[in-house]
Each structure stands twice: as C-alpha cells, then as structure tokens.
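Trainee: In terms of this note's numbering, the first sequence is residues 1134 to 1402.
Glycine included, each C-beta is placed from N, C-alpha and C at the ideal position.
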Amino acid sequence: MDYTVSGTDIILRQPDFDLDETLDCGQAFRWTKTAGDTYEGYYLNTYLRISAGDEPGVFRLHDTDEQTFLNSWYSYLDLSTDYGELKRRFSEDETLAKACAYAGGIRILRQDSWEALSSFIISQNNNIPRIKGIIGRLTEHYGGYPGAEQLIPETEESLAFLRSGFRAKYLVDAVAKITSGELDLDRIAGLPLDEAKAALMTIKGVGPKVAMCALLFGMHKTDAFPVDVWMKRALERWYPNGLPECVRGHEGTAQQYLFHYIRNGARAQ
DNA sequence: TTCCAGGCGTATC
DNA sequence: GATACGCATGGA
C-alpha cells in the first residue's frame, strides 16, 4: 500500500482491493454506486467519493486531504492489514483458494461499533436492498447516522417511519442498554470473543449471528465468525467437519470470502 | 400467490 | 439442547 496526494485527491495504490467486493458485499449498508467505477458513502459522518483508477489496484479518493485520509480512511479501509498474506494462508484450503481467487479484493471494513451493531440488528431476517432502505430513512431523518444518545427519545411507535417491522423494538432496547451504561461497546471490544458475544446477546434481538457481525465489522474482531443462512449452506457443503486450520484467528475474514463466493460465484456441482 | 431475506424470541419437549 | 413457529416488510 502506498499513496500520494494529487491536488485535492488522494491516489491510493492497493492491489488487494475492489470497490464492489468491499463496499457492496453486505458488510456495510451506506455506500452507493454512483457511476460504473465510483462509490459514495460515509465513515461515521465523514463523506467520501472514491473511484477506481485507470489501472488495476489504483484508486482515487476525491476531495479529501492527507489528514482525513490518515485519520479516517486508512483505518476504515483496513489498509494496515496485508490481505495478500492472508489470502496465501487461506489458499492452503481448496475451497478458500477458489473463494479468494473469485473475489480477491474483499477487505473487512473497520466500521463504527454502534453503526455496525444497529445495522445488523436491522439486518435480521431481511434482505440487503431493504436493509439499505431502512438505514437510508434513518440517516435521512437524522441528517447522518444517529448515535445511540440521539435515539434515546425514540420508541417502537416513533420509529414506524423506518418501516423496519418487528426490529424497531430491538433498536430501542439496544439504545437503552448502551446509553444507560449497562453495556459499553468500547469495553466489549476489549473482551475475549465469547464474553463479548455474551454481553451483546443481552440485548433483545441480538442473537449469535448479529453479535458476531457487530464484533467482526464494528470492533474488528477477525476471529468472530457470523453464521447466517448463506454460511450454513457453505458449512454444510464444504466444511461439515469444521473450518480448516489455516483460518485460525481470521475466521471472520475467511467468512467474508466464502460468503461472497457462495452467494455470487460458486455454482452447484 | 407464495416464497424468501446476512435471525431471533418464545413455547414445548 | 433441540426443534417448530411467528414475526413486519417488500422484492422476486
């Protein structure tokens, strides 16, 4: 990875990165494809327009500056992690080798913990376009992604404008537990995986899968392994006896390659 | 019309 | 602990 400043843009060179595979793969819900090679979205409430450059592995971050890049996007895009090395390790496994080859530009975004937790509460028993719709109505209503504190006045009834169905009461419970201090996401981020998962699961509507997504995408616990309907299929098909040794410590990262592969790439044999 | 979606709470055994 | 079922909403 390296970067250069070009006027009001940052030019990023990162071969293990693809905009579609990272920004539109079901881990974050606030990125919009605004042109064939361009996405617009946010980390917290910092806006970015990013496009793929003329040559592979080169990207342009528009209208930003070096400080914002180093303070926000370097971390958000997980640029300190060597995905080439991870893919080499994963590729000891035959299926993961195919998954990494199929979508080698996947990265695990380092999202805000509250945004990830609340987004994945909304995600349950739901589909990605509708999840984006609900989160779009939430951010439009609040003029940005609302923190838990901002949501204190909301009730299940007042959140009806989201059209999030039975999930509204789960959001209300998450807001209550976090803003009361009963749960502290920064503290949870420092706990061992099992304890962190158990703490999150005290929230109504947070089960094993939502907890793991919050830990993986919102607290960058790369050993968190969310199992949804797609991963159930992947495990039954490829790993009936468990995950291979080569993913240890990075189960969540491997999960993202497998998730994308079984949803989009792997054809039934 | 019916089925399904990055699941979970509840009841029941 | 496992299994069955309902759940809001909307796209396919």
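Under 8 Å between the Cβ atoms of Thr1355 and Gly1398?
Mentor: Position 222 of the first sequence holds residue 1355. Position 265 of the first sequence holds residue 1398. No, the Cβ-Cβ distance between Thr1355 and Gly1398 is not below 8 Å.
Trainee: Please name the residue, chosen from Met1364, Leu1318, Arg1366, Trp1363, that lies closest to His1353 on a Cα-to-Cα basis.
Mentor: The residue labelled residue 1353 in the question sits at position 220 within the first sequence. Out of Met1364, Leu1318, Arg1366, Trp1363, Leu1318 has the C-alpha closest to the C-alpha of His1353.
Trainee: Out of Phe1150, Gly1298, Thr1165, which one is the CA nearest neighbour of Gly1190?
Mentor: Here residue 1190 corresponds to residue number 57 of the first sequence, with the count starting at 1. Out of Phe1150, Gly1298, Thr1165, Phe1150 has the C-alpha closest to the C-alpha of Gly1190.
Trainee: According to DSSP, is Tyr1278 helix, strand or coil?
Mentor: The residue labelled residue 1278 in the question sits at position 145 within the first sequence. In this structure, Tyr1278 counts as coil in the three-state DSSP scheme.
Trainee: Can you confirm whether the stretch 1250–1263 touches the stretch 1291–1305 when touching is taken to mean that 3 or more C-beta pairs between the two stretches lie within less than 8 Å?
Mentor: Output reads yes: the stretch 1250–1263 touches the stretch 1291–1305.
Trainee: Cβ atoms of Gln1160 and Phe1350: under 8 Å apart, would you say?
Mentor: The residue labelled residue 1350 in the question sits at position 217 within the first sequence. The residue labelled residue 1160 in the question sits at position 27 within the first sequence. Contact flag set, yes.
Trainee: So Leu1284 and Arg1240 are supposed to be a Cβ contact under 8 Å. How far apart are they, rounded?
Mentor: Translated into positions along the first sequence, residue 1284 becomes position 151. Translated into positions along the first sequence, residue 1240 becomes position 107. Actually they do not touch by this definition, with Cβ atoms about 29 Å apart.
Trainee: Taking C-alpha atoms, which residue in Phe1192, Ser1313, Gly1276, Cys1379 lies nearest to Glu1225?
Mentor: By 1-based counting over the first sequence, the position of residue 1225 is 92. Ranking Phe1192, Ser1313, Gly1276, Cys1379 by Cα distance to Glu1225 puts Cys1379 first.
Trainee: Relative to the alpha-carbon of Lys1330, which residue among Ser1251, Gly1338, Ala1347 has its alpha-carbon at the smallest distance?
Mentor: Here residue 1330 refers to the residue found at position 197 of the first sequence. Nearest of Ser1251, Gly1338, Ala1347 to Lys1330, Cα basis: Ala1347.
Trainee: When burial is assigned at 16 or more other CB atoms within 10 Å of the CB, is Gly1140 buried or exposed?
Mentor: On the first sequence, position 7 is the one that residue 1140 refers to. Burial call: exposed.
Trainee: Just list the alpha helix (DSSP H) runs in the stretch 1292–1343, keeping only unbroken ones of 4 residues or longer that don't cross its boundaries, in chain order.
Mentor: Taking only runs of at least 4 residues, the alpha helix (DSSP H) segments lying wholly in the stretch 1292–1343 are 1301–1312, 1318–1322, 1326–1333.
Trainee: Which same chain residues end up closer than 6 Å to Met1134 when comparing Cβ atoms and leaving out the 5 residues on each side of it in sequence?
Mentor: Counting from 1 along the first sequence, the entry for residue 1134 is found at position 1. So the qualifying residues of the chain are Gln1147, Leu1212.
Trainee: Taking the continuous beta strand (DSSP E) assigned at His1383, which residues delimit it?
Mentor: For the purposes of this step, residue 1383 is identified with residue 250 of the first sequence, where counting begins at 1. Careful: His1383 lies outside any beta strand (DSSP E) and carries neither H nor E.
Trainee: With distances taken Cα to Cα, identify the nearest neighbour of Ser1252 among Gly1280, Glu1227, Leu1229.
Mentor: By one-based count along the first sequence, residue 1252 stands at place 119. When each option's Cα is compared against that of Ser1252, the closest is Gly1280.
Trainee: Which residues in the same chain as Tyr1180 place their Cβ atom closer than 8 Å to its Cβ, once the five residues preceding and following it in sequence are excluded?
Mentor: Along the first sequence, read from residue 1 onward, the residue named residue 1180 stands at position 47. Answer for Tyr1180: Glu1173, Gly1174, listed in chain order.
Trainee: Count the other CB atoms within 10 Å of the CB of Ser1246; is the residue buried (16 or more) or exposed (fewer)?
Mentor: Position 113 of the first sequence, counting from 1, holds the residue named residue 1246. Under this definition Ser1246 is a buried residue.
Trainee: Out of Leu1242, Ile1255, Leu1156, which has the shortest C-alpha to C-alpha gap to Thr1133?
Mentor: This structure cannot settle anything about residue 1133, because the visible part of the chain is limited to 1134 through 1402.
Trainee: Locate the beta strand (DSSP E) running through Gly1217, then write down its first and last residues.
Mentor: Counting from one through the first sequence, the residue named residue 1217 turns up at place 84. Premise fails: Gly1217 lies in the alpha helix (DSSP H), 1216–1223, not in any beta strand (DSSP E).
Trainee: For Asp1135, which residues does DSSP report across the bridge?
Mentor: The sequence position of residue 1135 within the first sequence is 2, counting from 1. In the DSSP output, where bridge partners are listed per residue, Asp1135 has Arg1146.
Trainee: Please list, in chain order, all residues of the same chain as Gln1402 whose beta carbon is under 8 Å from its beta carbon, the five residues on each side excluded.
Mentor: For the purposes of this step, residue 1402 is taken as residue 269 along the first sequence, with counting starting at 1. Low local confidence applies: a pLDDT of 43 at Gln1402 is under 50, so the model's placement there is unreliable, and no value is given.
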